[in-house]
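K.L.:
One structure coming up, written as structure tokens, with questions to follow.
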Amino acid sequence: MTDTTLPLPHPIEYISRMRDYHPDHPPYRWSSEPATAELNAVSKPLAESSVAIVALSGVQVAGDTPFDLSGDSRLGYISPSTEKDEVTYRHFAFKLDRVAHDPATMLPLWAVSQLVRDGKVGSLAGPAISAFGSQYSQRLVRAELIPNIMQALAPLQADIVLIVPACPLDHQTAAMLSREVEDAGMIAIVPSVARDIVTHCGATRPVYIHAPIGFMFGMPHDEYGQYHRTLAVLEAGLRIDTAGMVADLPRDYPMGLSGLPEEFVDAQLNDWERQEYTPGYTTG
68 MTDTTLPLPH
78 PIEYISRMRD
88 YHPDHPPYRW
98 SSEPATAELN
108 AVSKPLAESS
118 VAIVALSGVQ
128 VAGDTPFDLS
138 GDSRLGYISP
148 STEKDEVTYR
158 HFAFKLDRVA
168 HDPATMLPLW
178 AVSQLVRDGK
188 VGSLAGPAIS
198 AFGSQYSQRL
208 VRAELIPNIM
218 QALAPLQADI
228 VLIVPACPLD
238 HQTAAMLSRE
248 VEDAGMIAIV
258 PSVARDIVTH
268 CGATRPVYIH
278 APIGFMFGMP
288 HDEYGQYHRT
298 LAVLEAGLRI
308 DTAGMVADLP
318 RDYPMGLSGL
328 PEEFVDAQLN
338 DWERQEYTPG
348 YTTG
């Protein structure tokens with residue numbers, strides 16, 4: 068398949084911006100491995116497929132033991148019956164105020180549940196698996212975090228695994244995990260706002276979304292937009308027929324009303340491409 072059929076704005080180069088954002092540190096050595104040579108065949112339509120969700124954004128149910136931001140291989144689980152106000156994020160590398168109003172902007176759990184009810188997705192495979200993916204240690208990710216996630220996925224018998232990163236390092240973890248998922252016989256789809264990282268790190272089926280970190284699936288409270296964005300990601304991922312080929316979603320995806328004050332929306336979206344991960348960008 069081709070990368071895209073619609074004109075898109077130039078994706079942010081997060082690898083170079085990360086280098087400039089941390090000028091006092093040696094350049095980080097990103098994982099650089101080829102995507103799985105042969106993708107698993109898509110054997111059934113989305114409407115008959117079971118979808119598992121792995122969220123690497125540090126999202127968890129409020130009251131659970133917080134993820135250790137210095138490095139953590141533990142997992143959390145979020146049931147689709149969980150209310151949105153029971154969910155919180157623990158992270159240090161993206162703007163948490165973007166998810167404070169609505170965790171569904173980065174966690175497609177409720178959107179996938181609605182897609183199941185509407186007959187567009189076959190089933191949701193278990194609760195969403197949550198983890199803290201922003202880890203500099205690739206050794207820890209390979210030796211501990213990914214095996215834990217694969218062990219949690221095994222009994223779910225999912226056809227598709229939707230691997231959702233947030234910050235740049237999450238994207239590296241997502242790419243590494245996607246190869247293990249495909250090797251285990253499942254379809255690994257990685258929605259991404261950091262096109263350069265999933266390409267460099269060898270994600271198997273990356274779907275690029277031109278959006279700020281934290282708004283991957285749409286604006287807060289925009290259930291209509293989140294629903295259609297999630298469906299578009301799943302459909303685009305299933306159309307990828309070459310490992311590592313990026314499917315680019317068009318910039319003008321469907322949006323509904325969020326009900327948020329205009330000043331909040333303007334502050335988050337105005338000139339965000341120039342400001343994301345540049346000096347002055349604050350995280351956490």
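Just so you know, we're using my numbering here: the sequence shown kicks off at 68 and counts up by one.
Glycine included, every Cβ here is placed at the ideal spot set by N, Cα and C.
Every value quoted in this text rests on a predicted model; they were computed, and no experiment measured them.
Between the stretch 105-115 and the stretch 80-94, can you find at least three pairs of beta-carbon atoms closer than 8 Å?
P.N.:
Too few Cβ pairs lie closer than 8 Å, so no.
K.L.:
Under 8 Å: do the stretch 189-206 and the stretch 246-263 share three or more Cβ pairs, one atom per stretch?
P.N.:
Touching, no, given that fewer than three Cβ pairs across the two stretches are closer than 8 Å.
K.L.:
With 16 other CB atoms within 10 Å as the buried threshold, where does E100 fall?
P.N.:
Position 33 of the sequence shown, counting from 1, holds the residue named residue 100. E100 comes out exposed.
K.L.:
Return the chain-ordered list of same chain residues with a C-beta closer than 8 Å to the C-beta of G311, the five sequence neighbours on each side being excluded.
P.N.:
Start at 1 with the first residue of the sequence shown, and residue 311 comes out as number 244. Same-chain partners within the cutoff: P101, A102, T266, G269, A270, T271 and P273.
K.L.:
Can you give me the Cβ contacts of L327 inside the same chain, cut-off strictly under 8 Å, excluding the 5 residues immediately before and after it?
P.N.:
Your numbering for residue 327 matches position 260 in the sequence shown. Counting only Cβ-Cβ distances below 8 Å, and skipping sequence neighbours, we find H168, M286, P287 and H288.
K.L.:
Is DSSP giving Q202 helix, strand or coil here?
P.N.:
Looking up residue 202 in the sequence shown gives position 135. Q202: coil per DSSP, three-state reduction.
K.L.:
Keeping to the same chain, check which residues put their C-beta closer than 6 Å to that of A160; ignore five residues upstream and five downstream.
P.N.:
The residue labelled residue 160 in the question sits at position 93 within the sequence shown. Within the same chain, A160 has close Cβ partners S201, C234 and T350.
K.L.:
Using a Cβ-Cβ cutoff of less than 7 Å, which residues in the same chain neighbour F284 once the five nearest sequence positions on both sides are dropped?
P.N.:
Looking up residue 284 in the sequence shown gives position 217. Taken in chain order, the residues that qualify are A171, T172, M173, P175, A178, Q293, R296 and T297.
K.L.:
Alpha carbons only, please: which of R86, H89 and S140 is nearest the one belonging to N215?
P.N.:
As a position in the sequence shown, residue 215 is number 148, starting the count at 1. Checking every option, the nearest Cα to that of N215 belongs to S140.
K.L.:
What's the gap between the Cα of T155 and the Cα of D308?
P.N.:
The count along the sequence shown starts at 1 and reaches residue 155 at position 88. The count along the sequence shown starts at 1 and reaches residue 308 at position 241. Answer to the nearest angstrom: the Cα atoms are 36 Å apart.
K.L.:
Give the DSSP-derived three-state secondary structure of T69 in the structure shown.
P.N.:
As a first step, residue 69 is located in the sequence shown; it is residue number 2 there, counting from the start. Its pLDDT being 34, under 50, T69 is placed unreliably by the model, and the measurement read from it follows with that caveat. Coil, per DSSP.
K.L.:
Short of 6 Å in beta carbon distance, which residues of its chain neighbour P78, apart from the five on each side in sequence? Order them along the chain.
P.N.:
Taking the first residue of the sequence shown as 1, we reach residue 78 at position 11. Within the same chain, P78 has close Cβ partners R262.
K.L.:
Within the continuous alpha helix (DSSP H) that includes V121, where are the two ends?
P.N.:
In the sequence shown, the residue the question calls residue 121 occupies position 54. Run containing V121: none in the alpha helix (DSSP H); it sits in the beta strand (DSSP E), S117 to A122.
K.L.:
By DSSP, does T172 sit in helix, in strand, or in coil?
P.N.:
Numbered from its first residue, the sequence shown carries residue 172 at position 105. Helix, per DSSP.
K.L.:
Going by DSSP, what residues sit across from Y156 in a beta bridge?
P.N.:
Numbered from 1 along the sequence shown, position 89 holds the residue referred to as residue 156. V126, per the DSSP bridge assignment.
K.L.:
Taking the alpha-carbon positions, what's the A241 to S180 distance?
P.N.:
Here residue 241 corresponds to residue number 174 of the sequence shown, with the count starting at 1. Here residue 180 corresponds to residue number 113 of the sequence shown, with the count starting at 1. Cα-Cα distance, rounded: 22 Å.
K.L.:
Suppose contacts are defined by Cβ-Cβ distances below 8 Å. Is P194 in contact with Y144 by that definition?
P.N.:
For the purposes of this step, residue 194 is identified with residue 127 of the sequence shown, where counting begins at 1. For the purposes of this step, residue 144 is identified with residue 77 of the sequence shown, where counting begins at 1. Yes, they are a contact pair.
K.L.:
Excluding the 5 residues preceding and the 5 following P74 in the sequence, name in chain order all residues of the same chain whose CB lies nearer than 8 Å to its CB.
P.N.:
Taking the first residue of the sequence shown as position 1, residue 74 is located at position 7. Only weak support is given to the placement of P74: the predicted model assigns it a pLDDT of 43, under 50, and the question is left unresolved by the model.
K.L.:
Is S137 helix, strand or coil when you go by DSSP?
P.N.:
In the sequence shown, residue 137 corresponds to position 70, counting from 1. Reduced to three states, the DSSP call for S137 is coil.
K.L.:
Indicate the three-state DSSP secondary structure (helix, strand or coil) for S180 in the structure shown.
P.N.:
Position 113 of the sequence shown holds residue 180. Three-state result, S180: helix.
K.L.:
Could you compute how far the alpha carbon of S204 sits from the alpha carbon of T345?
P.N.:
By one-based count along the sequence shown, residue 204 stands at place 137. By one-based count along the sequence shown, residue 345 stands at place 278. One C-alpha to the other measures close to 23 Å.
K.L.:
Helix, strand or coil for G359? Go by DSSP, reduced to three states.
P.N.:
Because the chain in this structure spans residues 68 to 351, residue 359 falls outside the shown range and cannot be described.
K.L.:
For V332, does the count of other Cβ atoms within 10 angstroms reach 16, so buried, or fall short, so exposed?
P.N.:
Translated into the one-based positions of the sequence shown, residue 332 becomes position 265. V332 comes out exposed.
K.L.:
Can you tell me the Cα-Cα spacing of L182 and V188, whole angstroms?
P.N.:
Working through the sequence shown from its first residue, we reach residue 182 at position 115. Working through the sequence shown from its first residue, we reach residue 188 at position 121. When rounded, the distance between both Cα atoms is 5 Å.
K.L.:
Assuming I280 and L244 make a contact with CB atoms under 8 Å, what is their CB distance in whole Å?
P.N.:
As a working mapping, residue 280 is identified with position 213 in the sequence shown. As a working mapping, residue 244 is identified with position 177 in the sequence shown. About 18 Å separates the two Cβ atoms, so there is no contact after all.
K.L.:
Looking only at its own chain, which residues have a Cβ that is under 6 Å from the Cβ of A122, when we skip the five neighbours before and after it?
P.N.:
Start at 1 with the first residue of the sequence shown, and residue 122 comes out as number 55. Taken in chain order, the residues that qualify are L174, A195, S197 and V231.
K.L.:
Here's a check: name, in chain order, each residue in its chain whose Cβ is nearer than 6 Å to the Cβ of G125, leaving out the five neighbours to either side.
P.N.:
Locating residue 125 in the sequence shown gives position 58, where the first residue counts as 1. Closer than 6 Å at Cβ, skipping near neighbours: F134, Y156, R157, H158 and F199.
K.L.:
Check this for me: beta carbons of L316 and Y275, under 8 Å apart or not?
P.N.:
Residue numbering aside, residue 316 sits at position 249 when the sequence shown is read from its first letter. Residue numbering aside, residue 275 sits at position 208 when the sequence shown is read from its first letter. Yes, Cβ-Cβ distance for L316 and Y275 is below 8 Å.
K.L.:
From the DSSP output, in three-state form, read off Y81 for me.
P.N.:
As a working mapping, residue 81 is identified with position 14 in the sequence shown. Reduced to three states, the DSSP call for Y81 is helix.
K.L.:
Quick check on the burial criterion: 16 or more other C-beta atoms within 10 angstroms. Buried or exposed for S117?
P.N.:
Start at 1 with the first residue of the sequence shown, and residue 117 comes out as number 50. With 16 or more other Cβ atoms within 10 Å, it is buried.
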